[in-house]
Structures are given as structure tokens and as C-alpha cells.
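Chemist: This note's numbering numbers the first residue of the first sequence as 442 and each following residue consecutively.
Just so you know, even glycine gets a beta-carbon here, dropped at the ideal spot from N, CA and C.
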Amino acid sequence: MVDLRELEKNFDEVSEKLTKKKIDIELLKLVKEKFAELKVQKSSVEELRAEQNKNSKLFPIYKKEKKDIGELKAILSQNKSDIILGNEKLKVLELELETIALGIPNLADESVPLGAGEDENIETKKVLEIPEFNFEPKNHWDLTENFIDFERGVKISKSRFSALVGNGAKLHRALINYFLDFNQAKGYQEIVVPYIVNRNSMQGTGQLPKFEDDLFKIEGEELFLIPTAEVPVTNFFADEILNADELPIKLTSYTSCFRKEAGSAGKDTRGMIRQHQFDKVEIVVFSKPDESFRILEEMSEMVSEMLTSLKLPHRLLTLCGGDLGFSSAKTIDLEVWLPGQNQYREVSSVSNMTDFQSRRAKIRYKDGKKNRLVHTLNGSSLAVGRTMVAIMENYQKADGSIEIPEVLKKYM
RNA sequence: CGGGAGAUGGCAGAGCGGUUGAAUGCACUGGUCUUGAAAACCAGCGAGGGUAACACCUCCGGGGGUUCGAAUCCCCCUCUCCCGGCCA
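1) Does DSSP put ARG813 in a helix, in a strand, or in coil?
2) Using the rule of at least 16 other Cβ atoms within 10 Å of the residue's Cβ for burial, across every protein chain shown, is GLU776 buried or exposed?
3) State the start and end residues of the unbroken alpha helix (DSSP H) segment that holds GLN644.
4) Would you call the region 547–560 and the region 653–666 in contact, with 3 or more CB pairs under 8 Å?
5) Going by other Cβ atoms of all chains shown within 10 Å of its Cβ, with 16 needed for buried, is SER456 buried or exposed?
6) Along the chain, where does the alpha helix (DSSP H) containing ASN520 start, and where does it finish?
7) How big is the Cα-Cα spacing for ASP546 and ASP731?
8) Note down the Cα distance separating ILE832 from GLU631, rounded to an integer number of angstroms.
9) Note the first and the last residue of the continuous alpha helix (DSSP H) segment covering TYR619.
10) According to DSSP, simplified to helix, strand and coil, what is ASP808?
11) What does the Cβ neighbour count give for VAL791, buried or exposed, with the cut at 16 atoms within 10 Å?
12) Please look up how many angstroms separate the CB atoms of VAL722 and ILE617, rounded, as I've assumed it's under 8 Å.
13) With H, G and I counted as helix, E and B as strand and the rest as coil, what does DSSP make of GLY707?
14) Have a look at GLN837, LYS701 and PHE452 and flag the residue whose alpha-carbon is nearest the alpha-carbon of LYS473.
15) Thinking VAL725 and THR675 are a contact (beta carbons under 8 Å), I'd like their distance in whole angstroms, please.
16) Under a Cβ-count criterion, where at least 16 other Cβ atoms within 10 Å of its own Cβ denotes burial, should LYS461 be classed as buried or exposed?
17) Would you report the Cα separation of HIS717 and PHE727, rounded to the nearest angstrom?
18) Which residue wins for smallest C-alpha separation from ASN812, given the options LYS803, ASN819 and GLY820?
19) Using a Cβ-Cβ cut-off of 7 Å (strictly less than) and excluding sequence neighbours within five positions of LEU621, which residues of its own chain qualify?
20) Of the residues GLU492, TRP582 and GLN625, which one's Cα is nearest the Cα of ALA604?
21) With DSSP run on the structure shown, which of helix, strand or coil describes THR857?
Spelled out as C-alpha cells, the structure:
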């Protein structure tokens, strides 16, 4: 949720940051108008209420003095119906405003480059050389070693599901443990959270109301499968007021993730790059506002370090405004090199959501006497399936076998 | 899934129609005392909106209703706890 008071006060500035993310300026003007209208209506109802409260307090006094109550009662009855009327208008306005406001994305930070889509993201860093093969490297789905069983995954569920077998299953588990240990060593506390969450949590992190089509919903219940651990982990502190001296709070959590991939028909239909169910180790940070952008850099460096430790060539990209996610103010993607596909593919996306999620989820901290909204950040550290694909393609041998990265050997 | 109890500030826990946004205790913050600490004593201490600051408005799980007035009465929902059934 954007800060409506900020929008009202500094309309030009805010709308500029928003148009970076391709937002219709007419919509913003409408929000501003509605907000102003709401304020007027609200104060008029409040005045009526103040009147009602004040006069109601006269009743016990009148009674004590044995004065006539009839006239006072008549006045208040009238006033009451005015309140009800005004309140109805107010509720309509509030609902209208909320409906629009919840659909407005977070503001892009100044440092975010302009651009319409992924082609205009800025590459900031390349780590490790792209390896040379003395044979034609294969796609992970063409590798002969028995790692992934695509057919049986589809048989027992449907397309975009797969099963892991043999060393694939083992490597998958090794990666999870390696990631979690790595994150913990960097000061992230591990937590285990629900995979099914309520509507309120989904709204808190920004998946709802706008992206309901992307989520698996439990039939007959207002519950959803999580598309990322970001949802339960960020909402861990929803409605809470944290102590300033315990910030930043750094959490890491391993979960399965479930996505409908509604908009990706025909994309990545082969292999396990884009599945309805995948596993991910996530990192989430709750910070004071003035340190969140520094922490964003730290987080992306940490993920890069992890990829380096696996000897996987990768690059860092700063997403341009047009490619930025709904809740994010700034995002750094990490893409790993896939020799079989001859291209870089995303394995991690680290974002600073600033106060966008904390305003929705009411996550605050005590700053002296005042309560302020924290900044929330999150990132994959790392996507398990895609990292496994990267290992398969980068560590493949001419005979089709796959070597195990040095740092993972003790986990296998 | 069946039977019972309940949901009040960071926690514990009063209040059950009228100066109650809420007693009391603990925790917390500041002060006095002390070489320092503890103890004791004094003071402060819920959230959101509004304002230059006050005033003022809203909030006692959520939603609706009765009333001039509701934390207190009525209805619906959700959640929690205890007992039983089922179960990793």
C-alpha cells in the first residue's frame, strides 16, 4: 500500500516514482481526489459524533437534577440519524479508496533505472567465467543420469510437476541443508512456517487482492498455498511492534512454493525451470528504514557468495522500473549460467519492499516514543530446483554423468 | 468431528448500560537515594486517525443490532483453551 498522505502532499514526486512502474496517472489523480473527499467526510462525521458524546453525558446529570429529558433525547435522536447517514457515505468512500489503493504498486526507488521490461535491466556484475566444454553441453532434461522423473510427476499430478529420483533427490536435499547452514552462519535465524495461509497474510505481502489468479486456493476455505516463504515469514511479525534495538531481524526459512503460473502458458514447458511446486530457501529481513538499501546490497552479495561457493557462474542485475515487481521498490536479480541452454537464468531475486508490506501488515518498531513502519526485504537464498538444474548443466561430463560440487559432498 | 469454557493494553487480570480508553499486579522508561547495583519511594507508560500544538474521533477478537449512551445487552462469524473421537 502506498502512503496516501504522502501521495496527497507530494503528488508530483510520488506520481513520478510510480509512473516509472507504468502506472496510469489518471488513477493516481482519482486516488488523491477520493482521499481528500474522504477526509472531509470523516471530519464531518467526527464532529457529529463529538456532539453526540458531549450531550449524552448530560443524561445522568439531568436525571440527578430531576430535569426533563424529553427534549434532549429528541435532539440526540435527530443527530444520531445524521451520523448514520454520514457514516454510510463514509463507508462507501473508504471501500472505494481501499479498492483502488490496494491495486497501486510500491514506488520505485530513485536508484532504479528507467525501462519498460526485462531487456532494459542493468547488469552490474559478472562472477566467474563461463566454462568451456570439449563436448556439446546438454540441457538438464537431456542428461542421461537418473535425476528427475518428469513423466511420473505428470502422471500422478499434471503438467509442470515432476519427481526427483536417485542422486537428484539426494542432491536436492543436500542443497537445502547447505543453503540453510550457509544462511545461519551469516546471522539468519531459521524458522519453519505454514505452507497454507489466510487471506489477510496474502494481502499483507501484496499477493492479494491483485494476483489471486496466480495462487492455489483451498476449496471451501479462505486459505491459499504459499507462492513463496516470503508470505508467512514476512507476516510472522504482522500487527506487532518490535523493539528498535532488535532490528535488523534476519530470518531464513525453507518451504515448498506453489504457483499456478497462469500467465506463463507455453513458457519453459520443458524441464524443471518453471513448475507449479518448487522448493526454495528464503531470507527475510526486517530493518529500520535508513538501512534497508544497504541491507539489500548485503543480501545480494551474500547470495552471490553462495553461488560462487558452488562454482556457478552468475551475474547480478538491477531491475528497471518496468520489470519491478508489484511490492518492490528495488530488486536485484541473480542469474546463473546454464550451459545447456546457453543463457543466464534467474535463481534468486532480492528485493527491498520498503514500507509497502509493513504498512499493509502493520509491522512497526518503537523509535523512541513513536511507532514507525519497518522496512521489509526478502530474497531467494536460493531456489533449490533451479540451482540443481544449474549444477546438472555446469557439472556434466561427456559421458552424461554429473559431478557433485565440492561444498556439497559432505551433505550427500 | 461431538460436548463445555472463553476472547479486555507487552503479559497477567478486574470491569458486566453512563465523566472507563479502561482498576490492580508484573514488565518497561525517567528521577530520588547509593561508591555502584539491588531494594524502596516518586513520576510516566496501549494503538490508529486528526492538529503547528491542543481539542476532538475511533478501537476492549471480527461483523451487524438495541440505546440519547455499550467493553458491558442481543444476533452471526472467527479463533483459543479443556474433555471425548480420529491421527503423523
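Modeler: In short, the structure shows the following:
1) strand
2) buried
3) 640–646
4) no
5) buried
6) 511–542
7) As written in the sequence, residue 546 is Pro, which differs from the Asp given in the question. The alpha-carbon atoms of PRO546 and ASP731 are separated by roughly 21 Å.
8) 25 Å
9) 607–626
10) strand
11) buried
12) 6 Å
13) coil
14) PHE452
15) 6 Å
16) buried
17) 28 Å
18) LYS803
19) GLU631, THR693, TYR695 and VAL722
20) TRP582
21) Missing from the structure shown is residue 857; the chain here goes from 442 to 853 and no further.
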